[in-house]
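Protein chains in written order, with our numbering: chain Y, 1 to 393; chain W, 1001 to 1139. Before any comments, here is the structure.
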Amino acid sequence: MANPGEALRGKVAIVGAADTEVGVLPGRTPMELCVEAALAAIEDAGLKRTDVDGLLTCNAMAQPLMYHAEAMAEYMQIFPRYCLSVGAGGGTTFSVVHHAASAIVTGMADVVVIAMGDSLRSSLTRDQAMQVQASTGHPQFEQPYGATVPAYYALIAQAHMAEYGTTPEQLAGIAVACRQHAARNPAAQMRELITVEDVLASRLIADPLHLLDCSLVSDGGSAIVLCSAERAADLRHDPVYLLGAGEGHTHEHISAAHSLTTSAAREAGQRAYAMAGLQPTDMDFAQLYDCFTPTVLVELEDLGFCDKGEGGAFVDSGALGPGGALPVNTHGGLLSHCHPGNPGSMFALTESVWQLRHAAGERQVENARCGLVHAQGGIMSSHTALILSREVA
Amino acid sequence: MTASQPAKITPTSTALAEAYWEGCRQGELRLQQCDSCERHQFYPRVLCTHCGGDALSWRAVSGRGLVASFTVVRRGISKAYPAPYVVALIDLEEGPRMMSNIIVDDPQQVAVGSAVSVTFQPWGGDHVLPVFELARVDS
């Protein structure tokens, strides 16, 4: 069978990447964070604002706009020929990367900026934040039962524990590994080391998830710049090539999921590996969507890093931490670096760029050549996996 | 005063689902059943998700099921939902899965695989929702 992604493989590169400061940033609007990140990413690429002719964004919860990308273009006074904001929840970040790549390969844009920012921490009131939680789920058949966002994910954790004997200690091990990475990242919001016992001693939010099984609530913005591989060769930094991309979609509402313990991350990964011509064992690191610890557990299995049901044992092996067999979330992830909502995965992308440029400082994965990034939106609903590399071959 | 009490989240209403909610008001759990392939489905739709058929009829079902998964919410979503409470996914005897609450004094009694049966609770206004209780051992 022809490789459906062959026309894209290695044809497009990430040439610029930047994050704003993250954490608690009172007084900064999401648009300001978005623009600050975009300008820094364009500068990082050695390009000018006026070189940008494609713009992809996602909306901000703390400052929702009917025409987000258009408003950002207006703010920056750029006049793109390719411009839209996309909403696939946490999966938005990585799905727009292959849309941008398609636009570049087909000539619909030459230089595309992907920029996202939000200020969930400082601009949402506690009541608004609870309202965001209450609007997750099916408005007729789920929301009335009062599930919080952690509760929806707890259903997955509980099912995995019942089916495979996974333990709360193993879930906690994921949070511990992310914090070990964050301790080496000066930009991370939470850097103090934690233990499995600390996670289990933190208060229960929705059984079996404790507070430290849940991601942070943050402010921040992040952006990347993409262009063709040919043009990338003349720019400032080593290009980071897009070798594989795949999506998988099985449901929107968790009550309609055909499986609670196997997700469409499996199809997303299979499609990305096939396009790249690579295997899970070729990955030097993985950045996996970690809004709650059980998502990482299921993703490790579905993306082929271990067998189904073996995620807990894989965590116990120490693979995820610094220097492990498969360092996961080398910036600290949503659990320890930052989580400003839908832009959250952007930081996994910029981190991957720095890892593949060999510019990640103390947390550099030795000789990193290739990495997988994965994100999901909804409740394990909408999955995208990308494979990035510093080499095209 | 009633007006100052926090309100629970009530389901949005659609004409298609009215037979479901009317069943709840009458103490009866109803599902759509396909006239062609005779399989049940939930939530209500304009097509049968199994065979694609568009002729669907409402049937009262047993209200019995098994817990596919559950969680105990320790921090309620609003003051109208005093924690702890159990949110669960129930696999109904007729096939479909649905989300609900399990009404139980001690959440520790709930487990994946527990047998449950439906009951109905007023939810504010004229809304009545199906919730579940642990099935009696002798039933």
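For glycine and all other residues, C-beta sits at the position ideal for the given N, C-alpha and C.
Span of the beta strand (DSSP E), counted from its first residue to its last, around I156/Y: Taking the first residue of the first sequence as 1, we reach residue 156/Y at position 156. Per DSSP, I156/Y belongs to no beta strand (DSSP E); it is in the alpha helix (DSSP H), 149-164.
What residue from R236/Y, I78/Y, L288/Y, P26/Y has the CA that sits closest to L372/Y's CA? Counting from one through the first sequence, the residue named residue 372/Y turns up at place 372. L372/Y has its Cα closest to that of L288/Y, out of R236/Y, I78/Y, L288/Y, P26/Y.
Counting Cβ pairs closer than 8 Å, one from the stretch 1052-1060 of chain W and one from the stretch 1100-1119 of chain W, do we hit at least three? no
Strand pairing of N1101/W, partner residues [DSSP]: Start at 1 with the first residue of the second sequence, and residue 1101/W comes out as number 101. V1087/W.
Checking contacts by CB at 7 Å: is V1110/W closer than that to chain Y? Residue mapping note: residue 1110/W aligns to position 110 of the second sequence, counting from 1. No, its Cβ sits nowhere closer than 7 Å to a Cβ of chain Y.
Checking the sheet assignment: what are the DSSP bridge partners for G54/Y? Along the first sequence, one-based indexing puts residue 54/Y at 54. Paired residues: Y82/Y, V112/Y.
What are the boundary residues of the alpha helix (DSSP H) that includes D127/Y? By 1-based counting over the first sequence, the position of residue 127/Y is 127. Taken as a continuous stretch (DSSP letters only), the alpha helix (DSSP H) holding D127/Y covers 126-134.
Which chain W residues are close to Y145/Y, counting only those with a beta carbon under 7 Å from its beta carbon? Here residue 145/Y refers to the residue found at position 145 when the first sequence is read from its first residue. Neighbours of Y145/Y on chain W, chain order: V1087, M1099, S1100, N1101.
Can you check which of these residues, I114/Y, G87/Y, F79/Y, is closest to M66/Y by C-alpha distance? As a first step, residue 66/Y must be located in the first sequence, where it is residue number 66. When only C-alpha atoms are compared, the closest one is G87/Y.
Could you pull out every residue in the same chain whose Cβ sits closer than 7 Å to the Cβ of P322/Y, ignoring the five residues on either side in sequence? Counting from 1 along the first sequence, the entry for residue 322/Y is found at position 322. Contacts found: Q180, H181, R184, R363.
Segments assigned beta strand (DSSP E), at least 3 residues, entirely inside the stretch 1001-1087 of chain W: 1030-1034, 1056-1060, 1064-1073
Just the C-alpha distance for M1001/W and H1127/W, rounded to the nearest angstrom, thanks. Against the second sequence, residue 1001/W aligns to sequence position 1. Against the second sequence, residue 1127/W aligns to sequence position 127. Note on M1001/W: pLDDT 42, under 50, position unreliable in the model; the coordinate value appears next. Whole-angstrom Cα-Cα distance: 20 Å.
Cβ of R1074/W within 7 Å of any chain Y Cβ: Locating residue 1074/W in the second sequence gives position 74, where the first residue counts as 1. Yes, its Cβ sits closer than 7 Å to a Cβ of chain Y.
Could you check which residue in G117/Y, M76/Y, D110/Y has the C-alpha nearest to that of T92/Y? As a working note, residue 92/Y is residue 92 in the first sequence. Considering only alpha carbons, the answer is G117/Y.
List the residues of chain W that I425/Y touches, going by C-beta distances under 9 Å, in chain order. Residue coverage of chain Y in this structure runs from 1 to 393, which leaves residue 425/Y outside it and unanswerable.
What in chain W is Cβ-close to E142/Y, meaning under 7 Å? Working through the first sequence from its first residue, we reach residue 142/Y at position 142. Under the 7 Å cutoff, chain W gives M1099.
Near S1139/W, which residues of its chain fall below 6 Å by C-beta distance, leaving aside the five closest residues on each side in sequence? The residue labelled residue 1139/W in the question sits at position 139 within the second sequence. For S1139/W, the predicted model reports a pLDDT of 47, less than 50, meaning its position is unreliable and no value from the coordinates is stated.
Of the choices M346/Y, H383/Y, A177/Y, whose alpha-carbon is the least far from that of A41/Y? Translated into the one-based positions of the first sequence, residue 41/Y becomes position 41. Answer by Cα proximity: M346/Y.
Taking the alpha helix (DSSP H) that V96/Y falls in, what are its first and last residues? Your numbering for residue 96/Y matches position 96 in the first sequence. Per DSSP, V96/Y belongs to the alpha helix (DSSP H) from 92-105.
Please list the partners that L1129/W has in chain Y, where partner means a Cβ-to-Cβ separation under 7 Å. Translated into the one-based positions of the second sequence, residue 1129/W becomes position 129. Neighbours of L1129/W on chain Y, chain order: P144.
Cβ neighbours of M1/Y in the same chain (closer than 6 Å, five flanking residues each side left out): Against the first sequence, residue 1/Y aligns to sequence position 1. With a pLDDT of only 46 at M1/Y, under the threshold of 50, the placement of this residue in the model should not be trusted; the figure read from the coordinates follows. None.
Buried/exposed call for Q299/Y, threshold 16 Cβ in 10 Å: Taking the first residue of the first sequence as position 1, residue 299/Y is located at position 299. Looking at the sequence itself, residue 299/Y is Glu, so the reference to Gln does not match. Buried, because 16 or more other Cβ atoms sit within 10 Å of the Cβ of E299/Y.
Keeping to the same chain, check which residues put their C-beta closer than 6 Å to that of T293/Y; ignore five residues upstream and five downstream. Mapped onto the first sequence, residue 293/Y falls at position 293. Only L171, I174, A175, D213 meet the Cβ criterion.
For the alpha helix (DSSP H) containing H68/Y, name the first residue and the last one. Here residue 68/Y refers to the residue found at position 68 when the first sequence is read from its first residue. From DSSP, the alpha helix (DSSP H) with H68/Y extends over 68-76.
Per DSSP, G16/Y forms a beta bridge with which residues? The count along the first sequence starts at 1 and reaches residue 16/Y at position 16. Answer is V225/Y, bridged to G16/Y.
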